[in-house]
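**Student:** Residue numbers (mature numbering (1 follows the signal peptide of the UniProt record, and there is no 0)): -24 to -1, 1 to 164.
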Amino acid sequence: MCQFHLTGALLVAATALAAGPSQAASMDCLHFDAFEGGLAPAGPMREVQRLHNCARRTAQPRPSPRLRDLKWNPTVAASAQSWANQCNWAHPGGHPYGENLAAGSIGYDAPGLVPMWIDEYVHYNYAGNTCAAGQICGHYTQVVWRTTQELGCATNTCSGALPWGGTGQWFYLVCRYSPPGNNGGRPY
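1. Could you give the distance in angstroms between the alpha-carbon of Thr124 and the alpha-carbon of Gly141?
2. What are the boundary residues of the beta strand (DSSP E) that includes Glu96?
3. Specify whether the region 15 to 26 and the region 81 to 99 touch according to this definition: at least 3 beta carbon pairs, one from each stretch, less than 8 Å apart.
4. In its own chain, which residues sit with a C-beta less than 8 Å from the C-beta of Gly161, not counting the 5 before and 5 after it?
5. Beta strand (DSSP E) containing Gly128: first to last residue?
6. One question on the structure: do Asn132 and Ala60 come within less than 8 Å of each other, judged by their Cβ atoms?
7. Let's test the definition: count the other Cβ atoms within 10 Å of the Cβ of Gly74 and tell me whether it reaches 16, buried, or not, exposed.
8. Which whole-angstrom value describes the C-beta separation of Asn29 and Ser154, a residue pair presumed to lie in contact below a C-beta threshold of 8 Å?
9. Under 8 Å, do His67 and Ser55 count as touching if we go by C-beta distance?
10. Assign Gln36 to one of three DSSP states: helix, strand, or coil.
11. Relative to the C-alpha of Leu149, which candidate in Val52, Ala78, Arg38 has its C-alpha closest?
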């Protein structure tokens, strides 16, 4: 299952670590306006889209030809919002999309959760198409999946059972991808 959750200090440390490799790998991500059309609405979702496209532009080994930028699709985003609104910490069936889920404690936002998916690249071995023992790589491979062309994400503030145990409020991020990735072979 491609699920991920984090809390407080873990999220802050992971976000700080995620900023380094992407910035060092390429200057392609400095000018968001250069990305190919289909922009998300201004605000947090545009930053989520930028982070996804930065990961695609800095993937290693370098894809040839390069990976196309993911375009924002409002229909895919509406599907993600429908699931986020249910506050169900699980992957549903019955939709035609790839999906990444993330949850964090209140106070975090969508752009703060995305680097955790992207940071999985350190555990992924492209040559062997494997993930290090005990690690998760499926979020990252979905982000950089060559045939995926569109992205739609949504958030919700949820109450009740926390994905990591206990009860309280939590922040939920659902990103969906069209067409879906992680369907056999290497991501690119």
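For glycine and all other residues, C-beta sits at the position ideal for the given N, C-alpha and C.
**Tutor:** This is what the structure gives:
1. Straight-line Cα distance between these residues: approximately 33 Å.
2. Element bounds for Glu96: n/a, residue is neither H nor E.
3. At 8 Å Cβ cutoff, the stretches touch.
4. Once the five neighbours on either side are set aside, the close Cβ partners of Gly161 are Asn105.
5. For Gly128, the enclosing beta strand (DSSP E) covers residues 126 to 137.
6. In this structure, Asn132 places its C-beta atom within 8 Å of the C-beta atom of Ala60.
7. Buried is the call here.
8. The pair is not a contact, with the Cβ atoms about 15 Å apart (cut-off 8 Å).
9. It is not a contact, given that the beta carbons lie outside the stated cut-off.
10. DSSP places Gln36 in coil when its eight states are reduced to three.
11. The residue with the shortest Cα to Cα distance from Leu149 is Ala78.
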